[in-house]
Amino acid sequence: SRVLVLNGPNLGRLGSREPDVYGSQDLPALQALLEADAAGRIAIDLRQTNDEAELIGWLYEAVDTATPVILNPAAFTHYSYALRDAAALVTKAGIPLVEVHISNPHTREVFRHTSVISGIASGVIAGFGFGSYRLALQSLLLPEA
Ligand code: DQA
Numbered sequence: 007s008r009v010l011v012l013n014g015p016n017l018g019r020l021g022s023r024e025p026d027v028y029g030s031q032d033l034p035a036l037q038a039l040l041e042a043d044a045a046g047r048i049a050i051d052l053r054q055t056n057d058e059a060e061l062i063g064w065l066y067e068a069v070d071t072a073t074p075v076i077l078n079p080a081a082f083t084h085y086s087y088a089l090r091d092a093a094a095l096v097t098k099a100g101i102p103l104v105e106v107h108i109s110n111p112h113t114r115e116v117f118r119h120t121s122v123i124s125g126i127a128s129g130v131i132a133g134f135g136f137g138s139y140r141l142a143l144q145s146l147l148l149p150e151a
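Numbering-wise, full-length UniProt numbering comes out as the position in the sequence shown, counting from 1, plus 6.
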């Protein structure tokens, strides 16, 4: 089995982007962490795009292949109804979709306090750095998850 770990705009710059907020590790380091946690139980398919259309296409892929999703929608979190509607296709199909954030958006600017994704997500984990993704992966590995 497999999990899609989907990352939205500007997350390809992790490592050098606002390290005070997002830490100094990059996406390849995240992939390695998740693979170590998965220990062969589930394949980690980690992707990043700045393109809303591409992200929506990956959510359709999750629906068509019944693949669980860990989604960091990045700035799309706060305003993309198109992404929300695509993510709703995943959870309405009974496939888990966990929304994650590296930072805790609720401690930051007011525009980050709203997520248009959370209302259709299976669950939300924020504020634990790359630990947010690791906890999301654990949630998918729980018995009965
Ligand atoms: C983020 C939080 C968002 O507000 C921001 O636009 C991001 C990253 C996070 O992981 O903390 O790009 O989703």
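Where is the CB? At the ideal position from N, CA and C, for every residue including glycine.
No experiment lies behind these values; they were computed from the predicted model shown.
Do you know whose CA, among the options, lies nearest residue i's CA?
i       : options                           : result
Leu-141 : Glu-60, Ile-108, Gly-100, Ile-126 : Ile-108
Tyr-87  : Pro-102, Leu-61, Pro-111          : Leu-61
Phe-82  : Ala-93, Ser-30, Glu-150           : Ala-93
Pro-34  : Arg-118, Gly-18, Thr-113, Leu-77  : Gly-18
Asp-32  : Ala-44, Gly-46, Arg-53            : Arg-53
Tyr-85  : Glu-58, Leu-36, Glu-115, Val-122  : Val-122
Run the proximity test for residue i: is its beta-carbon closer than 8 Å to any non-hydrogen atom belonging to ligand 1?
i       : result
Asn-56  : no
Leu-17  : yes
Leu-107 : For the sequence presented, residue 107 should be read as His rather than Leu. Result yes, Cβ under 8 Å from ligand 1.
His-84  : yes
Pro-79  : yes
Closer than 7 Å by C-beta to residue i: which residues in its own chain qualify, once you throw out the five before and the five after it? Chain order, please.
i      : result
Val-96 : Leu-65, Ala-68, Val-69, Val-75, Leu-103
Checklist line | Stretch-stretch touch, CB-based, cutoff 8 Å, three pairs: the stretch 118-130 with the stretch 16-34 | finding: no
Checklist line | Segments of 4+ residues assigned as alpha helix (DSSP H) that fall wholly inside the stretch 108-148 | finding: 137-147
Check: Unbroken beta strand (DSSP E) runs of length 3 or more, entirely within the stretch 34-116: which are they?
Finding: 49-54, 75-78, 103-107
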